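Taking it in order: structure first as structure tokens, then the write-up.
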Amino acid sequence: MGFVFVSGRRSLDFAGTRKWRHGDAPEEQLLSPADLSRWVEAAGLLDVVPPFGESDLATAIDLREAVYRTASARLDGRRPDQDDVTLLNDHARRPALVPTLRPDGSTRRSGTVGELLATLAADLLDLLAAPVPGPGRVKRCANTECTRLYVDASRAENRQWCGMSECGNRAKVRAFRRRQSL
Ligand SMILES: [Zn+2]
660 MGFVFVSGRR SLDFAGTRKW RHGDAPEEQL LSPADLSRWV EAAGLLDVVP
710 PFGESDLATA IDLREAVYRT ASARLDGRRP DQDDVTLLND HARRPALVPT
760 LRPDGSTRRS GTVGELLATL AADLLDLLAA PVPGPGRVKR CANTECTRLY
810 VDASRAENRQ WCGMSECGNR AKVRAFRRRQ SL
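Pasting the structure below:
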């Protein structure tokens, strides 16, 4: 399973690890602690990924869902779920990941799962704290089946898709299946 980083913010990319949320077959990319490790590494958040356990995965997924619901609520002009507000604030106020500078001038990103989740929660809160409307607005992909959220950093603020190829490929597969079933 390939992870994609098209959202412009790590918190929204994280939310995107559960795909096609509204359809009858959502795709879960974080099925095991090893999947979470792979995502963290692919996201460039840590050079040294600590071993995650099942409870770390469960905590991470709880946070991820709170990120998704809260970003969606902002997009739709709704109040966020109060449990999500508490969860996000609890994570975001903890120490975040900070790279270590080494004597030779190189850096190393290491940290705990708590610091990792604090970083992701704080990333969302930073995003929500940005002035709205304005550049860098959070949007939902124009493909109605796609539930990926992203920051529109285009100058004209007219980005419509999460990533054309991914959504386009899915549309092609569906069209192909429809033809086969006729
Ligand atoms: Zn999309």
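Going by the numbering used here, the sequence shown opens with residue 660, and the numbers climb by one from there. Yeah, the Cβ is synthetic: ideal placement off N, Cα and C, and Gly gets one too. Note that the coordinates shown come from a computational prediction; the quantities given were computed from them, not determined experimentally.
| Query | Result |
| --- | --- |
| Listed in chain order, which residues are found with a beta carbon closer than 5 Å to a heavy atom of ligand 1? | 800, 802, 805, 807, 821 and 826 |
| Taking 8 Å as the CB-CB limit, is residue 724 close to chain D? | Absent from the structure is chain D; it holds one protein chain and no more. |
| Quick one: Cα of residue 759 to Cα of residue 706, how far? | 11 Å |
| Is residue 806 near residue 680, with beta carbons less than 8 Å apart? | yes |
| Quick check on the burial criterion: 16 or more other C-beta atoms within 10 angstroms. Buried or exposed for residue 715? | buried |
| Just to confirm the assignment, what range does the alpha helix (DSSP H) spanning residue 728 have? | 713-735 |
| Thinking C-alpha only, which one of 813, 788, 824 and 781 is nearest residue 723? | 781 |
| Kindly indicate the opening and closing residues of the alpha helix (DSSP H) around residue 786. | 772-788 |
| How about residue 778 and residue 808: are their beta carbons less than 8 Å apart? | no |
| Run through the DSSP bridge pairs and tell me what residue 746 is partnered with. | None, per the DSSP bridge assignment. |
| Taking one C-beta from the stretch 742-750 and one from the stretch 725-734 each time, how about it: are there three or more such pairs within less than 8 Å? | yes |
| Can the beta-carbon of residue 704 be found closer than 8 Å to that of residue 787? | no |
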